[in-house]
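In my numbering, the protein residues as written are 14 to 447.
All remarks here apply to the structure that follows.
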């Protein structure tokens, strides 16, 4: 059977990887990708439901694509976290849709051709199936999913209900995918997962991230690798080996370690398994052994249990640890989570705190980034920028925007940093006239 398939993907890198796997499976069945849902025989929407406003956006997308499917007779497939954690809600929006859970995306052909929902755990996990490298690649960048699920049980998280268990991709499969992408000219490989630090616990009985990195470091080619998000408590047991592996030139010196709050009481309410002091020690250990390392973090503002003192503790932690990249999100209650049943912080208070924290984040970011101005460094050009120019990355994943014509994606250039914003740097090729 052959036809045309259209896909929309929302949310995280894991969702994008799941879409790549679904398109790969259907491509092997003869389907070809189209850019217009009106032309498709199969319409896939891969959903995210991490926040309430995200869920509302998903509702609009599902209604819109369900309308297209009714007009054209196409099969509508709703996949992703909303289909998995809130299937009743999805069916109310689109009764004729076929639902595919996050753990069953590798069986999407059965959903399409048999018209049945795939919500149960499959006998073989999706991590034993590999997407086609050509589908994974987006210009000079590709995301390689190494693990699904996490070992945590955070009180605010609905994603935990959609990705309940840890499923790791076999080490040799990850290495093979990375090698194939490098041969295709990929410049930046992003190792992704809900919590990359737990990679291997299900397959090998222990955390295998350091071993995986050593294998990837030995591959030929001049490509770079960014390691994805890690829970602080899960990286701690392998910290020495992990830091040693991250010293290798192959890896951006970039560490995404969500702190979520700078207050111990709030962390306990969140059911996070570390203290603020443990987080501080983790960051200092990394920075002490890898000079210039970039620490990125996530913070939830207004979580139940956050009073004014707790919020001030979070602001002080941002000022103390001088994060180079911070994602700030106002807490929104999610169904079927513990935090949704707790006393809530009023919305106006959350909004005011969020604005204040963002001012601190922007000030600290600009101060830290301004230290790069006037310096010279090697940078890899990753892609053409969405708003013109070229997007390049320094050794620690610091983004540098270069003028058009400064080079081509995949090339390394000596760049001089000429200015900074709180989010990125602006540069020119060394020796260029300004």
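Here a beta-carbon is modelled for each residue, glycine too, at the ideal position from N, C-alpha and C.
Nearest to residue 438 by CA position, among 421, 380, 444, is which residue?
380
Output the distance between the C-alpha atoms of residue 45 and residue 223, rounded to the nearest integer angstrom.
38 Å
Nearest-angstrom Cα separation, counted from residue 109 out to residue 385
55 Å
For the beta strand (DSSP E) that contains residue 409, what are its first and last residues?
Here residue 409 belongs to no beta strand (DSSP E), and DSSP marks it neither H nor E.
Per DSSP, residue 269 is paired with what?
309
Cα-Cα separation between residue 75 and residue 82, rounded to whole angstroms:
10 Å
What would DSSP say about residue 360, mapped onto helix, strand or coil?
helix
Collapsed DSSP secondary structure at residue 232 in the structure displayed
coil
Nonlocal neighbours in the same chain, by C-beta distance under 8 Å from residue 278, ignoring five residues either side
318, 323
Under 6 Å Cβ to Cβ from residue 373, same chain only, skipping five residues before and after it: list those, please.
328, 331
Taking only the alpha-carbon atoms, compute the straight-line gap between residue 134 and residue 128 and give it to the nearest angstrom.
18 Å
Top-ranked residue by Cα proximity to residue 240, from 232, 296, 94, 258:
258
DSSP puts residue 201 in a beta bridge; with which residues?
154, 237
Cutting at 7 Å between CB atoms, please list the residues of its own chain near residue 393, excluding the five before and the five after it.
200, 237, 405, 406, 425
Output the distance between the C-alpha atoms of residue 388 and residue 340, rounded to the nearest integer angstrom.
27 Å
If you run the structure through DSSP and keep just helix, strand and coil, what is residue 49?
coil
Mind reading off the beta-carbon distance from residue 121 to residue 157? Whole number of angstroms is fine, and I expect it under 8 Å.
With a Cβ gap of about 19 Å, residue 121 and residue 157 do not count as contacting.
Residue 151 versus residue 50 - alpha carbon distance
20 Å
Assuming contact is defined by CB atoms lying nearer than 8 Å, are residue 168 and residue 310 in contact in what I supplied?
no
Does the distance from the CB of residue 53 to the CB of residue 19 come in under 8 Å?
yes
Measuring alpha carbon to alpha carbon, tell me which residue in 296, 78, 371, 395 is nearest residue 248.
296
Is it buried or exposed for residue 320, if we count other Cβ within 10 angstroms and need 16 for buried?
exposed
Could you tell me the boundaries of the beta strand (DSSP E) in which residue 146 lies?
Residue 146 -> not in any beta strand (DSSP E); alpha helix (DSSP H) instead, spanning 146 to 149.
Taking C-alpha atoms, which residue in 315, 307, 345, 354 lies nearest to residue 337?
307
Beta-bridge partners of residue 340, as assigned by DSSP
311
Give me the residue from 232, 264, 30 with the minimum Cα distance to residue 411.
264
Of the listed residues 417, 416, 194, 251, nearest to residue 233 (C-alpha basis):
194
Residue 245: which of 293, 228, 215 sits nearest, CA to CA?
293
Report yes or no: do the stretch 137 to 147 and the stretch 32 to 43 share at least 3 C-beta pairs separated by less than 8 Å?
yes
Residue range of the beta strand (DSSP E) that residue 442 falls in?
438 to 442
Where the alpha helix (DSSP H) containing residue 185 begins and where it ends:
184 to 196
What residues are listed by DSSP as bridge partners for residue 391?
427
Nearest to residue 95 by alpha carbon, out of 87, 105, 62?
62
In the DSSP assignment, find the unbroken alpha helix (DSSP H) run with residue 34 in it and report its ends.
26 to 41
Residue 69: buried (16+ other C-beta within 10 angstroms of its C-beta) or exposed?
exposed
Beta-ladder partner(s) of residue 18, from DSSP:
46, 55
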